[in-house]
Amino acid sequence: MLLHVRLSGWACWCLFSGVFSVFSLQQRLTVNLNGKWRLSNSNGSLLLPAQVPGCVHSALQQQGYITDPYFRFNDVSYRWIALDNWTYTTTFTLSAELSVKQKVLLVFDGVDTVGSVSLNGIAVGKTNNMFCRHDFSVKDLLKDGENVLQVGLLSPILYASEQRKAHTSYVVPPECPPGVQKGECHVNFIRKEQSSFSWDWGPSFPTMGLWKGVRLEAFDILQLVQVSSVPLYNDAFSQWRVQIELLIDAVQTARGQLTLSIPELDSEQTFQTHFNPGKTKSNFTILINTVLEMTPVSLLCYPPQVYFRTVELIQEPVVGSPGLSFYFRINGKPIFLKGSNWIPVHSFQDQVTPDVLKNLLQSAVDANMNALRVWGGGVYEQDLFYEICDELGIMVWQDFMFACAMYPTETDFIQTVREEVVQQVQRLKSHPSIIIWSGNNENEAALATDWFDIPASQRPKYIRDYVMLYVDNIKKLVLLYTSTCQMPLIP
């Protein structure tokens, strides 16, 4: 096995980021399953075309079953949509080229939210987290000719209610949003966009759908699932190096040479590798001799290059004050953050186009903003959002998706959160725009100042839950997967 990974492109500030081209003796075959699917409700009274990626609300609007969801009180009028169960169906033909591959994965980049996947009438797996990528091995379920793929989606409202009913030991507040919002209850019991059950600034549209891409991935020996790269800086020797993390999925034991290169920095190293069957995460380090450091300004001022940056969150005693300072240093220089809170651009993520993102982010720069906080009641934004922030020099304060609530800590809930955190950190940590990871939106304040009127005798259990979720799990995972990123973290 001989695997070459060529890293090319540029990165503002510090983290290496760019385009990754992968060449190996074993080529991966990808079959795109996006496009027109069929959508039906639970009793079959509605059957219509639906675009994937997409959601049920968008499909109904596109086919004329509903009008503008934002008009007047349509959030209330269209409540029936999220109270029903829906099924997405598509068919595809198995090609001869794909049928001979040793391993075939059915990959969902995002399912919203509680789903059951079947292929040719055989159960493949389940989903329960909007923020997780799911892949299922389906080699043995494929057949010559036409294959039928179905994804059944449960009502998120009814699912959240059932999860709440199953939690009998104590209440996990809040039970419901304020009545004026006309929203849905128990959103803290389902791992989906929290604001989709309503918020003080927006309507209640609990979405369902295949909100990101669907595809088949087929390969023989191994495939490169993900590449990320982060900087390492040795203060004692004033030495930069780049740590490159590869996530490999191998069908069988694979040994060989791995060559990593950053052409712009004239850096290249070759490593002897050994990958065991299954998914393996491996780290490799390239030494860097020449480094260009960048401060948070638009890359339009700079030629395409590889730039590096360090981030420090400074919290030091303030003379004459009982508090601590709170500011960032980028490459050793104090930076004043001036920006906004970024909530979901649209109730339906499939309607957030590249042009909309580019316009909003450029508008932030034009308004002299240099930072945005991705708010914890929405979604981890799509890749393009962070790529544009990288290019424009916008610093990102990245929340995890927990907001204005306490959360359960049952084993199943903690496990899906752990998978969510690992996937999102691995996906996003290479982006130089992200300067800090934050555990949640206002949840510690809610607990500390008793938003939910929790009796004093019961407060210890909620404090334990808070520590278990954010400190013992999320924080530890972020530190584990970004330990070399030189990026601050607050729980």
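Mature numbering (1 follows the signal peptide of the UniProt record, and there is no 0) puts the sequence shown at residues -21 to -1, 1 to 470.
For every residue, glycine included, the Cβ atom is placed at its ideal position computed from N, Cα and C.
Cβ-Cβ separation between M385 and N349: approximately 34 angstroms, too far for a contact (criterion under 8 angstroms). Counting C-beta atoms within 10 angstroms of its own C-beta, G188 has 16 or more neighbours from the protein chains shown and is therefore classed as buried.
In the assembly as shown, S24 is an exposed residue. Its beta-carbon has fewer than 16 other beta-carbons within 10 Å.
Within its own chain, the residues whose Cβ lies closer than 6 angstroms to the Cβ of T106, once the five positions on either side in sequence are excluded, are V90, G94, H113, listed in chain order. In the DSSP assignment, D369 falls outside any beta strand (DSSP E) and within the unbroken alpha helix (DSSP H) covering 362 to 371. Within its own chain, the residues whose Cβ lies closer than 6 angstroms to the Cβ of V96, once the five positions on either side in sequence are excluded, are V103, G104, V130, listed in chain order. In the structure shown, K105 falls within a strand segment according to DSSP collapsed to helix, strand and coil.
Under the three-state reduction of DSSP output, Y286 falls in the strand class. Per DSSP, A61 lies in no beta strand (DSSP E) segment; the continuous alpha helix (DSSP H) that holds it begins and ends at 58 to 62. In the structure shown, N262 falls within a strand segment according to DSSP collapsed to helix, strand and coil. In the displayed model, T70 falls within a strand according to three-state DSSP. Contact between L407 and Y449 does not hold, since the beta-carbon distance rounds to 18 angstroms and is not under 8 angstroms. With at least 16 other beta carbons inside 10 angstroms of its own, G372 counts as buried.
Spatial neighbours of S304 in its own chain (CB-CB distance under 7 angstroms, excluding positions within 5 residues in sequence) are listed in chain order as I293, Q294, E295, V297. Beta-bridge partners of I413 (DSSP): V375.
Non-local beta-carbon contacts of N13 in its own chain, meaning distances under 7 angstroms to residues more than five positions away in sequence, involve V31, P32, G192, V193 in chain order.
Contact check between the region 428 to 446 and the region 159 to 170: fewer than three CB pairs, one atom from each, fall below 8 angstroms, which does not count as touching. Taken in chain order, the region 189 to 267 contains no complete alpha helix (DSSP H) segment of 4 residues or longer. With respect to the 8 angstroms criterion, S208 and Q218 are not classified as neighbours on the basis of their beta carbons. In this model, F392 and Y359 are separated by some 18 angstroms (Cα to Cα).
If you draw a 10 Å sphere on the C-beta of T69, you find 16 or more other C-beta atoms in it, and that means buried. Around the CB of D369, 16 or more other CB atoms lie within 10 Å, so the residue is classed as buried. Non-local beta-carbon contacts of W190 in its own chain, meaning distances under 8 angstroms to residues more than five positions away in sequence, involve P32, G33, C34, G89, V90, D91, M109, Q328, D329 in chain order. When the alpha-carbon of A145 is set against those of L132, T388, T72, R7, the nearest one is in T388. Under the three-state reduction of DSSP output, Y306 falls in the strand class. Fully contained in the region 317 to 354 are the following beta strand (DSSP E) runs of length 3 or more, in chain order: 318 to 321, 350 to 353.
Secondary structure note for S174: it is in no alpha helix (DSSP H), with a DSSP letter that is neither H nor E. With distances taken between CA atoms, V230 lies nearest to E196 out of E196, Y212, S240, E247.
Cβ contact annotation for D199 (same chain, cutoff 7 angstroms, sequence separation greater than five): Q5, K80, Q81, V230, in chain order.
Distances from the CA of R170 to each of V396, H410, N452 were compared; the closest alpha carbon is that of V396.
Burial is judged here by how many other beta carbons sit within 10 angstroms of a residue's own beta carbon; Q403 has at least 16 and is buried. Apart from sequence neighbours up to five positions away, the residues of its chain that approach V324 with a beta-carbon distance below 8 angstroms are V331, V335, L336, L339, ordered along the chain.
Under the three-state reduction of DSSP, L137 is assigned to helix.
Distances from the alpha-carbon of V204 to those of D214, T46, E224, A215 put E224 closest.
In this structure, T186 places its C-beta atom within 8 angstroms of the C-beta atom of H36. Listed in chain order, the non-local C-beta contacts of L128 below 6 angstroms within the same chain comprise T69, L98, local neighbours out to five positions each way being set aside.
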